[in-house]
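A short write-up of the structure that comes next.
Protein chains in written order, with the working numbering: chain S, 78 to 500; chain Z, 212 to 473.
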């Protein structure tokens with residue numbers, strides 16, 4: 078009998094141990110990080126590095142071509158067209174040798190690891206330093222590892238051409254869903270947080286969509302789902318609609334799945350304006366019939382004005398913050414707002430709504446198909462046209478190739494950025 | 212009835228989502244504990260017999276004879292996939308199962324599983340090898356699954372074909388039988404549409420597999436009660452297709468089955 082019990086308990090223990098990860102740590106070099114001992118790159122060097130590169134080694138993991146993009150202020154991103162893959166790298170130089178350190182990730186699965194590259198003096202180092210006699214070649218040589226393991230698998234990227242000027246000059250929005258990606262995609266921070274918005278540009282995004290709800294005492298905060306639930310928050314003694322709780326209650330008792338606090342809209346917009354160069358914010362209005370629009374509009378006007386002031390000083394690009402109009406209730410609420418046609422808005426569903434609200438953007442859902450006539454009408458009226466939420470690489474490529482859209486919202490902004498910049 | 216009362220007590224009184232990492236994880240572990248402890252505590256007097264009313268325990272079935280069972284599967288949809296559709300998909304799946312005896316120890320097995328928005332029809336053949344109280348089987352099932360759901364005015368449809376090769380082994384304890392089954396899950400085709408737009412078309416994808424444990428016990432005469440726990444480790448789980456999963460990684464999805472021989 079004792080033996081049977083032992084076998085039974087062993088079986089149960091083995092079974093219970095069969096868990097699958099739902100969090101993924103960003104790999105770190107820890108004490109062996111090298112970049113801290115190097116000098117930062119000048120803006121001109123970063124611009125020179127931008128471009129389309131041929132993958133000489135590592136094609137099996139990253140495809141035939143990648144795009145190198147200095148999109149964020151402090152990180153260089155390498156975008157791959159395979160499995161929503163990307164690199165996020167810090168950079169520095171010693172004399173004429175350039176070093177890059179960071180991690181790679183495949184966002185559709187759990188594959189990630191450390192990455193380390195360098196550009197040797199004669200493989201582009203002198204060229205980046207502005208030596209006119211140096212050949213205009215750039216070769217990123219390096220290696221990648223798995224997890225926190227030492228990078229040993231070689232990857233070589235060879236500069237093919239710069240990103241086309243006509244692509245760079247387009248006002249195309251690469252919009253990251255929920256502030257940078259879904260929690261379920263194992264991004265480094267929980268969705269709709271200050272922490273995630275701060276790094277959204279690492280994934281190739283130049284704009285974000287965030288979900289706004291009102292607390293019971295009228296504070297606009299970021300949260301996607303209708304309820305407080307285990308998908309998004311850690312164990313708490315609170316259940317039900319988040320709109321039933323005050324901001325103080327949420328701040329005191331609720332932590333998001335990766336430990337962050339539920340942020341206010343004010344905190345997130347301040348972060349976007351002062352800590353990023355994001356150019357577009359789509360406020361997805363989630364709470365209906367509680368004056369959400371009335372609470373959001375003064376905030377967006379304030380932060381757009383602050384961003385404009387910074388842009389005038391050359392400290393950031395201009396910023397559009399738009400009230401999303403996803404539902405009949407929000408549409409009706411915005412129609413009641415004084416001088417509503419001057420409120421920056423983004424209307425989903427039909428073009429009629431965008432016209433009635435004088436929305437800056439019309440955003441039909443992608444699965445509704447491509448209505449070329451309506452898009453042409455919207456453009457003729459001076460409206461931009463976005464589509465959402467497009468995650469399948471084949472469709473991202475197809476929709477970008479039409480040249481009809483001014484922006485795409487995706488859970489995988491890196492794949493949108495890849496297909497946009499590789500054109 | 213012992214099994215039923217134990218199951219009822221623990222399935223319906225444990226708190227929901229008691230584990231954040233794997234929702235429902237602690238519940239299947241507890242249920243499995245109880246099942247195994249029951250196995251360990253019951254004596255093995257005589258066998259149920261080769262023509263018993265079991266549906267999962269691999270026992271021979273006379274050529275031309277058939278057995279049927281109906282049941283309910285309680286499934287915990289992975290919250291990361293279904294998000295706000297969790298409430299829609301938390302309803303039980305209704306199951307109907309038929310076994311039909313063929314010559315030379317072969318059997319046909321048919322199964323219908325439905326949650327209305329997701330439906331799964333399978334037909335398979337298996338070869339039975341009885342050996343005293345032991346029973347073994349090897350088989351393969353071919354399944355067609357489909358679903359339809361109107362979301363925000365858009366007509367969403369999905370359909371596909373799956374293949375499930377499987378091996379099972381059972382032991383007849385006399386008063387009940389325990390069967391373990393392992394199966395692979397291969398997506399032959401998968402097509403997802405919104406209106407006329409094809410949003411996903413996949414072929415020949417290794418989708419993971421499942422490990423199941425079933426315990427079957429006669430209630431009266433040839434009427435049997437079956438309790439089962441199926442542990443799916445799959446990339447795509449047909450019943451949660453309205454979540455439009457974009458992941459290429461495995462999720463753990465437990466299914467709890469309770470069925471009655473008809």
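Virtual Cβ for every residue (Gly too), placed ideally from N, Cα, C.
So, helix, strand or coil for residue i, using DSSP?
{"i": "residue 425 of chain Z", "result": "strand"}
{"i": "residue 336 of chain Z", "result": "strand"}
{"i": "residue 407 of chain S", "result": "helix"}
{"i": "residue 447 of chain Z", "result": "coil"}
{"i": "residue 108 of chain S", "result": "helix"}
{"i": "residue 291 of chain Z", "result": "helix"}
{"i": "residue 305 of chain S", "result": "strand"}
{"i": "residue 479 of chain S", "result": "helix"}
{"i": "residue 464 of chain S", "result": "strand"}
{"i": "residue 326 of chain Z", "result": "coil"}
{"i": "residue 464 of chain Z", "result": "strand"}
{"i": "residue 276 of chain S", "result": "coil"}
{"i": "residue 282 of chain S", "result": "coil"}
{"i": "residue 487 of chain S", "result": "strand"}
{"i": "residue 370 of chain S", "result": "helix"}
{"i": "residue 456 of chain Z", "result": "coil"}
{"i": "residue 510 of chain S", "result": "Since the first residue shown for chain S is 78 and the last is 500, residue 510 of chain S is missing from the structure and cannot be characterised."}
{"i": "residue 171 of chain S", "result": "strand"}
{"i": "residue 413 of chain Z", "result": "strand"}
{"i": "residue 470 of chain S", "result": "helix"}
Could you name the residues of the same chain whose beta carbon sits closer than 6 Å to that of residue i, not counting the 5 residues immediately before and after it, in chain order?
{"i": "residue 162 of chain S", "result": "139 and 183"}
{"i": "residue 369 of chain Z", "result": "358, 403 and 452"}
{"i": "residue 410 of chain S", "result": "370"}
{"i": "residue 481 of chain S", "result": "452"}
{"i": "residue 224 of chain Z", "result": "Low confidence applies here, because residue 224 of chain Z scores a pLDDT of 38, under 50, leaving its location unreliable; read the following figure in that light. Closer than 6 Å at Cβ, skipping near neighbours: no residue."}
{"i": "residue 340 of chain Z", "result": "347"}
{"i": "residue 447 of chain Z", "result": "418"}
{"i": "residue 211 of chain Z", "result": "Since the displayed chain Z opens at 212 and closes at 473, residue 211 of chain Z lies outside it and no answer follows."}
{"i": "residue 307 of chain Z", "result": "281 and 323"}
{"i": "residue 490 of chain S", "result": "251, 253, 280, 281 and 282"}
{"i": "residue 414 of chain Z", "result": "400"}
On a CA-only basis, which of the options is nearest residue i? Give me that one, please.
{"i": "residue 396 of chain S", "options": "S:464, S:113, S:222 and S:283", "result": "S:283"}
{"i": "residue 295 of chain S", "options": "S:472, S:367 and S:169", "result": "S:367"}
{"i": "residue 175 of chain S", "options": "S:472, S:454, S:364 and S:193", "result": "S:193"}
{"i": "residue 367 of chain Z", "options": "Z:386, Z:410 and Z:387", "result": "Z:410"}
{"i": "residue 402 of chain S", "options": "S:379, S:416, S:382 and S:435", "result": "S:435"}
{"i": "residue 50 of chain S", "options": "S:108, S:151 and S:134", "result": "Outside the shown range of chain S (78 to 500) lies residue 50 of chain S, about which nothing can therefore be said."}
{"i": "residue 434 of chain Z", "options": "Z:440, Z:473, Z:442 and Z:335", "result": "Z:473"}
{"i": "residue 180 of chain S", "options": "S:355, S:277 and S:220", "result": "S:220"}
{"i": "residue 462 of chain S", "options": "S:489, S:428 and S:491", "result": "S:428"}
{"i": "residue 324 of chain S", "options": "S:298, S:313 and S:458", "result": "S:298"}
{"i": "residue 286 of chain Z", "options": "Z:461, Z:442 and Z:459", "result": "Z:442"}
{"i": "residue 424 of chain Z", "options": "Z:393, Z:412 and Z:449", "result": "Z:393"}
Identify the continuous alpha helix (DSSP H) that holds residue i and give its terminal residues.
{"i": "residue 451 of chain S", "result": "449-457"}
{"i": "residue 420 of chain S", "result": "From DSSP, residue 420 of chain S is part of no alpha helix (DSSP H); its letter is neither H nor E."}
{"i": "residue 350 of chain Z", "result": "From DSSP, residue 350 of chain Z is part of no alpha helix (DSSP H) but of the beta strand (DSSP E) over 345-362."}
{"i": "residue 349 of chain S", "result": "342-352"}
{"i": "residue 253 of chain S", "result": "That residue, residue 253 of chain S, is in no alpha helix (DSSP H); its beta strand (DSSP E) goes 250-253."}
Please list, in chain order, all residues of the same chain as residue i whose beta carbon is under 8 Å from its beta carbon, the five residues on each side excluded.
{"i": "residue 128 of chain S", "result": "144, 145, 215, 236, 237, 238, 239 and 240"}
{"i": "residue 271 of chain S", "result": "337, 340, 344, 345 and 348"}
{"i": "residue 315 of chain S", "result": "305, 322, 326, 330 and 331"}
{"i": "residue 244 of chain S", "result": "497, 498 and 500"}
Just reading off the beta strand (DSSP E) that residue i is part of, what are its end residues?
{"i": "residue 161 of chain S", "result": "Element bounds for residue 161 of chain S: n/a, residue is neither H nor E."}
{"i": "residue 192 of chain S", "result": "189-196"}
{"i": "residue 337 of chain S", "result": "Unbroken run through residue 337 of chain S: none, as it is neither H nor E."}
{"i": "residue 380 of chain Z", "result": "365-383"}
{"i": "residue 399 of chain Z", "result": "388-405"}
{"i": "residue 474 of chain Z", "result": "Absent from the model: residue 474 of chain Z. The displayed extent of chain Z is 212 to 473, so no value can be given."}
{"i": "residue 440 of chain S", "result": "438-440"}
What is the C-beta distance between residue i and residue j, in whole angstroms, given that I count them as a contact (C-beta under 8 Å)?
{"i": "residue 377 of chain Z", "j": "residue 356 of chain Z", "result": "The pair is not a contact, with the Cβ atoms about 17 Å apart (cut-off 8 Å)."}
{"i": "residue 443 of chain S", "j": "residue 460 of chain S", "result": "At roughly 17 Å, the Cβ-Cβ gap does not stay under 8 Å, so residue 443 of chain S and residue 460 of chain S are not in contact."}
{"i": "residue 153 of chain S", "j": "residue 171 of chain S", "result": "17 Å between Cβ atoms; not a contact."}
{"i": "residue 135 of chain S", "j": "residue 232 of chain S", "result": "4 Å"}
Less than 7 Å between C-beta atoms, sequence neighbours within five positions excluded: which residues of the same chain meet that for residue i?
{"i": "residue 263 of chain S", "result": "100, 101 and 187"}
{"i": "residue 303 of chain S", "result": "318"}
{"i": "residue 202 of chain S", "result": "173, 174, 175 and 196"}
{"i": "residue 249 of chain S", "result": "483, 484 and 497"}
{"i": "residue 274 of chain Z", "result": "312, 313 and 314"}
{"i": "residue 206 of chain S", "result": "173"}
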